[in-house]
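Q: When we follow the numbering used here, the leftmost residue of the sequence shown carries the number 718, and every step to the right adds one.
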Amino acid sequence: MTTFAMEASAGLRELAEPVAAGDRVKRQIERAARAAGLSYWRAFDIWYGKARRVDARELEAIRAAKAQRTEDRAHELSAIAADFDALAERLARMAARGGGPSNLEVGALAGRVRRLADGVGR
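#1: Below 8 Å CB to CB, which residues in the same chain sit around Y757 once its five sequence neighbours on both sides are set aside?
#2: What does the alpha-carbon distance come out to for the pair R831 and R790?
#3: Taking the CB atoms as reference points, tell me whether M779 and A725 lie closer together than 8 Å.
#4: Looking only at its own chain, which residues have a Cβ that is under 6 Å from the Cβ of L804, when we skip the five neighbours before and after it?
#5: Need the endpoints of the alpha helix (DSSP H) that V742 sits in, please.
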């Protein structure tokens with residue numbers, strides 16, 4: 718198997734993630750094929766290293782799908798971090814007002830949520 722074929726196979730496997738417990742390989746190949754814009758059987762041959770060659774167009778489609786997935790995940794994490802930050806602000810305001818649970822509990826929760834937002838936003 719050539720380096721390009723190995724990269725394409727590994728790329729398809731990455732595009733198939735996340736793999737749930739009990740997820741059949743056929744479903745994984747279908748997901749990867751759909752993401753890369755390949756037919757099921759073409760993805761099957763690349764997945765198992767049976768393809769005689771991998772066209773540059775196919776490899777670029779797999780790379781582009783991986784890059785798009787990475788970008789989508791970054792945007793999703795950024796949105797989650799913003800949600801955590803907004804929640805931390807609301808909790809801090811609640812603690813300042815003194816309504817509901819004790820101010821110390823709400824303040825501590827706000828701090829934990831803010832640390833989560835900082836961790837997710839990285």
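Don't be surprised by glycine CBs; every beta carbon is placed ideally from N, CA and C.
Quick caveat: nothing in here was measured; it's all calculated off a predicted structure.
A: Concretely, from the data shown:
#1: Taking the sequence shown and counting its residues from 1, one reaches residue 757 at position 40. Same-chain partners within the cutoff: I746, E747, A750.
#2: Numbered from its first residue, the sequence shown carries residue 831 at position 114. Numbered from its first residue, the sequence shown carries residue 790 at position 73. In a straight line, the C-alpha of R831 is about 20 Å away from that of R790.
#3: Mapped onto the sequence shown, residue 779 falls at position 62. Mapped onto the sequence shown, residue 725 falls at position 8. Residue identity differs from the one stated: residue 779 is Ile in this sequence, not Met. Against a cut-off of 8 Å, the Cβ pair of A725 and I779 comes out as a contact.
#4: On the sequence shown, residue 804 is found 87 positions in, with the first residue counted as 1. These residues qualify, in order along the chain: V830.
#5: As a working note, residue 742 is residue 25 in the sequence shown. From DSSP, the alpha helix (DSSP H) with V742 extends over 742-753.
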